Each structure stands twice: as structure tokens, then as C-alpha cells.
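Heads up: the structure comes next, in C-alpha cells.
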Amino acid sequence: MGARFEALDELFDDSLTLPYGTKAYVIPSPSAKDGLRVQRITSLAARLAAGGEAIDTTLLDDEEERELLALCLGPVLEEMLKDGINWSRVRHAGLTAMFWIASGPEMAERYWKTGGDPSLLAPNRETRRAAQKKSGSAAAKSTRSRGSTSGTSGRRATASGRKAART
Numbered sequence: 007m008g009a010r011f012e013a014l015d016e017l018f019d020d021s022l023t024l025p026y027g028t029k030a031y032v033i034p035s036p037s038a039k040d041g042l043r044v045q046r047i048t049s050l051a052a053r054l055a056a057g058g059e060a061i062d063t064t065l066l067d068d069e070e071e072r073e074l075l076a077l078c079l080g081p082v083l084e085e086m087l088k089d090g091i092n093w094s095r096v097r098h099a100g101l102t103a104m105f106w107i108a109s110g111p112e113m114a115e116r117y118w119k120t121g122g123d124p125s126l127l128a129p130n131r132e133t134r135r136a137a138q139k140k141s142g143s144a145a146a147k148s149t150r151s152r153g154s155t156s157g158t159s160g161r162r163a164t165a166s167g168r169k170a171a172r173t
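Quick note on numbering: our numbering labels position 95 of the sequence shown as 101, and the sequence is numbered without any gaps.
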């Protein structure tokens, strides 16, 4: 008999909730087709960044950017616009949803907390060092210097390269 799993509906929360003041916007998971489109767009951007190329933010014109945000936010985009949420916050919500779709809730939360500043996504030096100390890898980085071997050995090398007994 094969393995039996719990129903997926019981394990997944297929929504992302983003609070704005006293209101919370609940963004539903996109359709599989839309999710795959978002995944394609984000993987292209990731490949460009991994190749050392700067991400050209003009790759999407205004209409394409709105379409991407509509894919990510679903019906919440119109709700936010109707509520008078300003563009920078709508865009931040849309990009947070994009990270949620492409990379999961942890990455979306990290992006959300940056307020849109990508430099805050990468851990700073202090954070990296603290993590290294916790993991114990800092001890592995300190190597004792090799001591001098001249005159300390019980034997010494002869001209022919063989070791001779100490006299």
C-alpha cells in the first residue's frame, strides 16, 4: 500500500495577508497558469542577477508592470486602488506577493519588512558574523601559524636529502 498524505487543503494557506493601517488585504494564490508566468519573470531576473548583470528596471513598461502586479495581487489590486492606496504601497504589496509566489512566505516577509529597499534583503556584515559565531564556523577560520622547524627536529637533513642522526 502506498503512502497516504493529509489533504493539501489542510496543510496550505493559499493566501497572503498584508496589513495596511487598520485594514488587511488578503491576496489569493494565483492560478497555476498565472503562477507559472510570475515564476518565469522572476527566474529571468534571478538569472540576470546571478550572471552579474544589473537588473534593468525598464524591462517592463508601465502596462507590463501593471499586468505583473495584477497577476500577483489578483482582485486585491483593484480593491487597493479603489481604497486610494498610493502607488508606491500598491507596488510594494505587489512585489511582496511576487516574492511569495516565487519563493514562499519567508522571502515575502523579508521583502515586506525592507520597505522596498533591496539592499536590506542581503544580510549585513554584522549579521553574517553573528551567524558564523552561532554556527561555530568562526573557530574553523582561525588557523594556528606553523612553528619553525629549523633546529627543533631530532634529526637534520644532510646534503643528499636524507635525514641524519643528530650529533
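Backbone N, C-alpha and C fix where the C-beta goes; we use that ideal spot for every residue, glycine too. Since we're looking at a predicted model, the values are computed, not measured.
By the criterion of at least three beta-carbon pairs nearer than 8 angstroms, the region 95-114 is in contact with the region 71-87.
The shortest C-alpha to C-alpha distance from Trp93 to any of Met104, Pro81, Glu71 and Gly41 is the one to Glu71. For Pro36, the closest C-alpha among the options Lys29, Asp19 and Thr28 is that of Asp19.
The Cβ atoms of Cys78 and Ala114 lie no closer than 8 angstroms to each other. By the neighbour-count criterion, in which 16 or more other beta carbons inside 10 Å mark a residue as buried, Tyr117 falls on the buried side. Minimum Cα-Cα distance from Leu22 among the listed residues Val44, Gln45 and Ile107 corresponds to Ile107. Each residue's CA atom was taken as its position, placing Asp40 and Ala9 some 31 angstroms apart.
Assignment of Thr28 by DSSP, reduced to helix, strand and coil, places it in the coil class.
Assigned with DSSP and collapsed to three states, Ile107 falls in helix. A check of alpha carbon separations from Phe105 across Ile47, Phe11 and Tyr31 identifies Ile47 as the nearest.
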